[in-house]
Amino acid sequence: MRSPMLMSVLLAPFALTAVAAPIVIQCSPNGVLVADVTIGGKPLRFLVDTALPGDGRIDVEIAKELNLPSGGTFQTSEEGEGIPLVVGEKFSIGGIDFDKVYLWSVPLGAKQQPEASRIHGAIGWQLFKGRVYTVDFVNRKIIVDDAPPAEGPNTFPLDTSAFSPEVPAIIGGVKTTATLNSGNNMGMVVPNSMAATLALTKEPWPAGKIGTGATILRARTKEPISLAGLTTNQTGIDFLAIWPTPNAGLVAMEPFAYTFDLVNKKIRVSKPEGTPAKPTRYGVAFDQQEKGIVVIRTFDGSVAATSGLLEGDIVKTINGSEVKTTQDVMAAMKSPKVSVAVERDGKPTTVEMALPQ
């Protein structure tokens with residue numbers, strides 16, 4: 025996805041305090057990647073969104089609360105349409121200080137979130153202008169070290185004027201490109217138009233809806249997905265008419281680290297050493313259908329997938345208790361250990377699952 029026009033102020037020179045490299049910014053231990061930032065000394069929590077252009081965004085109500093001044097408009101069309109900007113003065117992240125940053129001011133519902141886990145905004149992938157930085161999803165950190173990425177089969181040109189960064193991908197045997205979008209907590213999302221071209225294990229099936237009401241179709245590719253020349257353990261994809269090209273969400277990006285060289289206009293994807301964070305959820309989605317509670321998705325590498333729960337399983341009981349609604353399931357799945365009795369191809373079976381301690 026590209027913007028017809030990026031507002032020049034976002035690409036203008038900025039004041040950045042000189043710091044010794046490398047700077048390591050430790051992020052949240054689980055779930056979406058969140059970093060601690062401050063604006064004018066006020067502590068905030070910002071999502072790391074690799075698809076967001078410019079410096080970032082902030083919830084409109086939080087911007088009002090901080091009394092952030094207007095920064096003009098992020099222009100998105102030749103007709104003058106755009107997104108309001110605010111100026112965040114004395115913005116700091118991991119000891120790296122900016123005199124000011126320009127943030128989209130948009131409704132994010134931050135005030136409706138629990139205060140302890142509230143996400144106030146997001147940092148964009150072009151925030152560290154004039155620098156080289158790595159987003160390491162395995163070790164849950166950002167490293168700003170200004171070291172150009174090594175040349176090799178996993179290093180590609182980076183269009184620093186693009187709306188979002190893209191890398192080569194192979195999905196269902198088809199060579200394509202995928203937008204890197206850690207702000208999307210799904211896996212690999214593919215436009216509906218590609219359904220007929222991909223090698224799938226079977227026809228896509230309904231797997232819920234998004235907030236706009238659009239239906240998600242779930243499928244599995246015959247061969248694992250490749251991202252930037254690196255083979256993943258993932259075969260699950262979601263068809264959704266929301267992006268015109270494949271979109272690699274958080275789940276698809278998690279096995280790797282991504283080095284953004286905003287100086288030499290290169291991007292490198294690598295497999296970092298380290299131990300991934302322990303999962304705090306089973307990694308499964310259910311849907312209440314006429315035939316009962318159905319497993320519509322197990323995320324690749326999740327506790328549910330590795331324990332043997334399969335998409336299409338009809339759930340009968342969890343820990344011996346009958347479940348009739350998704351609310352019943354959500355309540356039962358809060359247990360750190362569950363025994364799930366399902367009907368699979370007309371036959372009963374039981375799957376034991378436990379969260380790592």
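Take 25 as the starting number for the sequence shown in this note's numbering and just add one per residue. Glycine included, each C-beta is placed from N, C-alpha and C at the ideal position.
Which residues does DSSP list as the beta-bridge partners of residue i?
i	result
Q312	I317
V168	I47, Y157
F70	A59, G145
P228	Partner(s): none; P228 has no beta bridge.
T203	E190, N271
F180	I291
T374	A365
V214	F263
D83	V130
S94	V110
V162	BP columns for V162 are empty, so no partner.
Confirm, please, whether the CB-CB distance from residue j to residue i is below 7 Å.
i	j	result
Q312	T259	no
G95	V72	no
E190	T200	no
L68	V61	yes
R321	R244	no
S250	I194	yes
I63	F115	yes
G145	G207	no
E372	N288	Per the sequence presented here, residue 372 reads as Pro, with Glu not at that position. No, Cβ-Cβ distance for P372 and N288 is not below 7 Å.
L274	N178	no
A276	G336	no
V214	I261	yes
I240	L264	yes
L333	V319	yes
L222	V198	yes
Would you please state the rounded distance, in angstroms, between the beta carbons of residue i and residue j? I believe it to be under 8 Å.
i	j	result
T203	A75	6 Å
A252	P192	6 Å
I166	T158	7 Å
S331	E376	7 Å
I266	A238	7 Å
K302	P380	5 Å
G112	K124	7 Å
Y306	V327	5 Å
G154	L286	6 Å
T304	N54	5 Å
P268	S188	Rounded, the Cβ-Cβ distance is 12 Å, inconsistent with contact.
V362	A356	7 Å
A309	A378	That belief does not hold up - the Cβ atoms of A309 and A378 are roughly 19 Å apart, past 8 Å.
T184	Q136	In fact, because the Cβ distance is near 35 Å, the residues do not count as touching under 8 Å.
K66	L92	Wrong, their Cβ atoms sit about 10 Å apart, outside the cutoff.
G196	K233	Not a contact, Cβ separation roughly 23 Å.
3 or more residues per run - each beta strand (DSSP E) lying fully within the segment 98-137 = You should have 106-117, 120-130.
task = Report yes or no: do the segment 360-372 and the segment 333-348 share at least 3 C-beta pairs separated by less than 8 Å?
result = yes
Stretch-stretch touch, CB-based, cutoff 8 Å, three pairs: the segment 129-139 with the segment 82-94 = A contact between stretches requires three or more CB pairs, one per stretch, nearer than 8 Å, and the segment 129-139 meets this requirement with the segment 82-94.
request  = Pick out the complete alpha helix (DSSP H) segments inside the segment 232-286, 4 residues or longer, and give them in chain order.
outcome  = 274-277
query = At a cut of 8 Å, does the segment 161-175 reach the segment 47-58 through at least three beta carbon pairs?
reply = yes
message = For a minimum of 3 consecutive residues, which ranges assigned as the beta strand (DSSP E) are wholly contained in the segment 286-371?
response = If you keep only unbroken beta strand (DSSP E) runs of at least 3 residues inside the segment 286-371, you get 290-294, 308-313, 316-322, 338-342, 361-368.
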